[in-house]
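Scroll down for the structure; my scribbles are underneath it.
Numbering (the numbering used here), first residue to last: 309 to 765.
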């Protein structure tokens, strides 16, 4: 058609004798070429903490003026804009300086729009993978400042000057932008940087200040970790006789180790900072290790007896008399084993070797059947008239046997009493450690949440 022929004539006229190796210059800018840059962000595809990589989908905008592309629209049927392949014209050859995969250029070399005034606009799409230094100190309540540095691969500042197409911020089209599920854009400034020590250096840096959405980590990592860690508090509430203190402690310790490995797989391998959640897991792991050691000590105290350890007076005074009332730890109720003896008549005074005294003293330490038999014997014997001061010879062997049994029962009773005392001390020690551990765990968890909250907001 006539219109197509006009466009064809115009393109032939513009490209006739055109050399794309020579840059256009502007007298107003000291014969420099002014190239304005802009970025339209389509999507933050991913931020990989492990490899410190930012992947974005963008549209780059390059604007410059080439006076060789100027015509009178009236001569070409009113054509004001024409599209020409970018390889046929001069382009600023601006590349991503901090590319991580070696792809420095745009993805698709789309057509360049040329106006009749000589203004050239090129808006190619780009899928960039750039380096992003990850600061892991506040992970997963962290902010990251990722940059994309663009610079001309051919010209320096003495030949080409940079400008900004969309002002001092990255443009985001609300209708075309796709939100990232893990990161939220907080700020997106743009700066033209130069070096005072090198007057030829100049670049355009696009900043993406992003904030992590921590809901995923809170639900799948932090809350399960806190719930599992809280189980270690009940190690001190578990009775020592159940023999499950060590099992519970080791199980919680293994669970914390698994969570720590999960964190190590997400964050980069750097020694510059320790992630906040990793520090919390280390803190809880130390508490669990302390609970394991404490459980060993408590079990050692609980299973002591008078045959292995004698209880010092300061232990009785400090634990039983002072701490037990403060902690409201009551001793298990015991039957008054001496009630039957209190109901016996008081036999007359005699030497400890007197069989009558030995018979009456054995009641406190025997079994129920033995107590009953001895009690009856004591009643019958104690009512013997005082004139009978000597036990008949036929009773001597029986009295000696009963005295031997009574001594054995007394030793068993003393051993049982000593075990009960040590068990009571272990119970008090458990209660002290329970409150200390609960206070340390609560304060550490509160400090973790307060620090992360203040840093996040």
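Where is the CB? At the ideal position from N, CA and C, for every residue including glycine.
**Request:** For residue 497, count neighbouring C-beta atoms within 10 Å of its own C-beta (all shown protein chains included) and say buried if the count is 16 or more, exposed if not.
**Result:** exposed
**Request:** Name the two residues that bound the continuous beta strand (DSSP E) containing residue 437.
**Result:** 433-439
**Request:** Whole angstroms is fine: what's the gap from residue 344's alpha carbon to residue 379's?
**Result:** Near 23 Å, if we compare the C-alpha coordinates of residue 379 and residue 344.
**Asked** Can you list, in chain order, the residues of its chain whose CB lies under 6 Å from that of residue 567, leaving out five sequence neighbours each side?
**Response** Excluding residues within five positions, the ones whose Cβ falls inside 6 Å are 533, 589.
**Request:** Please determine, among 338, 437, 426, 473, the residue with the shortest C-alpha to C-alpha distance to residue 456.
**Result:** 437
**Message:** Taking the beta carbon of residue 527 as the centre, do at least 16 other beta carbons fall within 10 Å, making it buried, or is it exposed?
**Reply:** exposed
**Request:** Indicate whether the contact test is met: 3 or more Cβ pairs, each with one atom in the segment 549-560 and one in the segment 614-632, closer than 8 Å.
**Result:** no
**Asked** Where does residue 421 fall in DSSP's three states?
**Response** strand
**Any 3 or more C-beta pairs closer than 8 Å across the segment 509-517 and the segment 453-470** = yes
**Inter-stretch contact (C-beta, 8 Å, three-pair minimum) for the segment 491-510 and the segment 359-374** = no
**Message:** At the level of alpha carbons, what is the spacing between residue 485 and residue 405?
**Reply:** 25 Å
**Request:** Out of 480, 442, 315, 464, point me to the one whose CA is closest to residue 347's CA.
**Result:** 480
**Asked** Any idea which residues DSSP pairs residue 454 with across the strands?
**Response** 516
**Prompt:** What are the boundary residues of the alpha helix (DSSP H) that residue 569 is part of?
**Reply:** 553-574
**Prompt:** Going by other Cβ atoms of all chains shown within 10 Å of its Cβ, with 16 needed for buried, is residue 573 buried or exposed?
**Reply:** exposed
**Prompt:** Whose CA, out of 733, 318, 707, 434, lies closest to the CA of residue 353?
**Reply:** 434
**Expected contact under 8 Å - CB spacing of residue 460 and residue 400 to nearest Å** = 6 Å
**For residue 479: DSSP bridge partner residues** = 348
**Neighbour-count burial assignment, residue 509, 16 or more Cβ in a 10 Å radius** = That one is exposed.
**Asked** Is the distance from the Cβ of residue 580 to the Cβ of residue 529 below 8 Å?
**Response** no
**Request:** Kindly give me the distance between the Cβ atoms of residue 394 and residue 417, rounded to whole angstroms, as I take these residues to be in contact under 8 Å.
**Result:** 5 Å
**Terminal residues of the beta strand (DSSP E) in which residue 596 lies** = Note, residue 596: premise wrong, no beta strand (DSSP E); alpha helix (DSSP H) at 584-610.
**Asked** Three-state secondary structure (DSSP) at residue 768?
**Response** Any question about residue 768 goes unanswered here, given that the chain covers just 309 to 765.
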